[in-house]
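Going by the working numbering, the letters in the sequence shown line up with residues 468 to 773, in that order.
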Amino acid sequence: MSMEKTVLVFGATGQQGGAVARALRSRGWLVRALVRDPAAEKARALEAAGIDLHRGDFSDSASVAAAMSGVHGVFSVQPSSGQGPVHGISDEQELRYGKAVADLSLAHGVRHLVYTSVGAAGKGHTGLGHFDMKTEIEDHIRSLGIRSTILRPAAFMEMLLLPGMGLDRGTYAFFMRPGQTMQCIAVDDIGKVAETVFSDPERFGGRTIEIAGDEMTGNGLQDLFSRAAGRTITYHRFPDGLLEQDRLLGRLAELVDDGRCAGAADIQALRQEFGGLLSLEQWLSGPGRPLFEAALEAPGGTVALR
Ligand SMILES: NC(=O)c1ccc[n+]([C@@H]2O[C@H](COP(=O)([O-])OP(=O)(O)OC[C@H]3O[C@@H](n4cnc5c(N)ncnc54)[C@H](OP(=O)(O)O)[C@@H]3O)[C@@H](O)[C@H]2O)c1
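Given below as structure tokens:
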């Protein structure tokens, strides 16, 4: 059945949308990607993989509406204010764009909207716009009555290897205390989960699913990274001074401490429902290996979390 159906994917030149577009295409779906620049390298790679490009921009709602013509499903992701001044958008834009995609999906008779949110959403006000906007977008989607599935991904494994965490100096810093647990997921597994969700709207419609493939502690990362690097990597939490000085990092650390950013996905149940989601160790020795090797060489700098 999927061979006859088209899914419109937003953010397909990015991490989550790219994984979803590839997973759908590999299972025979017709995929349409709304892209800002069809000539960009990542857009051309999508086209080469058999994905139809539709030029558009969230800020141009007519272009979003036109892309929805005749589609069965929509995968909705927005960049967030948490992504910083270069790639980020304002909280107000994230909210407006996320709601508009849902409203237009309803207006165009889309049969299944899949919205990717975040693990910390729906757990009370966090004070971080890119979490609180997602809670509001989720609520808006549920209020519309459109068949929808909301995914709440944990921290991306890819984010662990952004520059600035210290691997080049034989150390590694992140949010958890050494014995504290935090969940994570490989971006490709978000694609796998979303494809499964689109393939069974009856089963997944109306559900909100927190997703993660593994959980890690600081001590666990120290062991894993040391084994993978073939030399000692010492773990420590981001220093208190940094957490006080950088309010985004500081607030994220508080939300790890109170559990909302630590994650509460039922990983066993997810493995049964969606098949083998990658553990951090599997990801690190597979798709994450090039990122790990690059991070071992990359000179330290400011932490650039997204
Ligand atoms: N990092 C994490 O651990 C984590 C965990 C859970 C949730 N999240 C959430 O994930 C979201 C980001 O997802 P991602 O990492 O997949 O994004 P990403 O890789 O940064 O990609 C963003 C995508 O949005 C597109 N885009 C940007 N502005 C646009 C506009 N005005 N109109 C249309 N398309 C536009 C970009 O296209 P171009 O190629 O044209 O720039 C790109 O395809 C954020 O909301 C974040 O809060 C992150």
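Built from N, CA and C at the ideal position, the CB exists for glycine as well.
{"Asked": "Let me check one thing: in DSSP terms, what residues is H703 bridge-paired to?", "Found": "A640"}
{"Asked": "Is the beta carbon of L688 sitting closer than 8 angstroms to the one on L751?", "Found": "no"}
{"Asked": "Please indicate yes or no: does the CB of H774 lie closer than 7 angstroms to some heavy atom of ligand 1?", "Found": "As shown, the chain starts at 468 and ends at 773. That puts residue 774 outside it, with no answer to give."}
{"Asked": "Would you mind working out which of P505, A720, D524 sits nearest I518, comparing C-alpha positions?", "Found": "P505"}
{"Asked": "What is the DSSP secondary structure of M468, reduced to helix, strand or coil?", "Found": "Low per-residue confidence applies at M468: pLDDT is 47, beneath 50, and the placement is therefore not dependable enough to give any value."}
{"Asked": "Quick one, which of V568, R619, G637, F641 has its alpha-carbon nearest L629's?", "Found": "F641"}
{"Asked": "Can M626 be considered in contact with ligand 1, in the sense that its beta carbon sits closer than 7 angstroms to one or more heavy atoms?", "Found": "yes"}
{"Asked": "Who are the near neighbours of T699 in its chain, counting only those whose CB is closer than 8 angstroms to its CB and skipping five residues on each side?", "Found": "G637, S693"}
{"Asked": "Are the CB atoms of L763 and L634 within a distance shorter than 8 angstroms?", "Found": "yes"}
{"Asked": "Just to confirm my understanding: we take E605, look at its own chain, exclude 5 residues before and 5 after, and list those with CB closer than 8 angstroms. What are they?", "Found": "Y582, S584, A588, G589, I617, T675"}
{"Asked": "Which whole-angstrom value describes the C-beta separation of G591 and V544, a residue pair presumed to lie in contact below a C-beta threshold of 8 angstroms?", "Found": "Actually they are not in contact, since the Cβ atoms of G591 and V544 sit about 23 angstroms apart, beyond 8 angstroms."}
{"Asked": "Mind checking whether the beta-carbon of R503 lies closer than 7 angstroms to any heavy atom of ligand 1?", "Found": "yes"}
{"Asked": "What I want to know is whether the C-beta of K509 ends up closer than 7 angstroms to one or more non-hydrogen atoms of ligand 1.", "Found": "yes"}
{"Asked": "Is the number of C-beta pairs between the stretch 555–570 and the stretch 593–602 that are closer than 8 angstroms three or more?", "Found": "yes"}
{"Asked": "Among the residues of its own chain, which have a CB less than 7 angstroms from the CB of Q483, if the five just before and after it don't count?", "Found": "V544, T583, V654, I657"}
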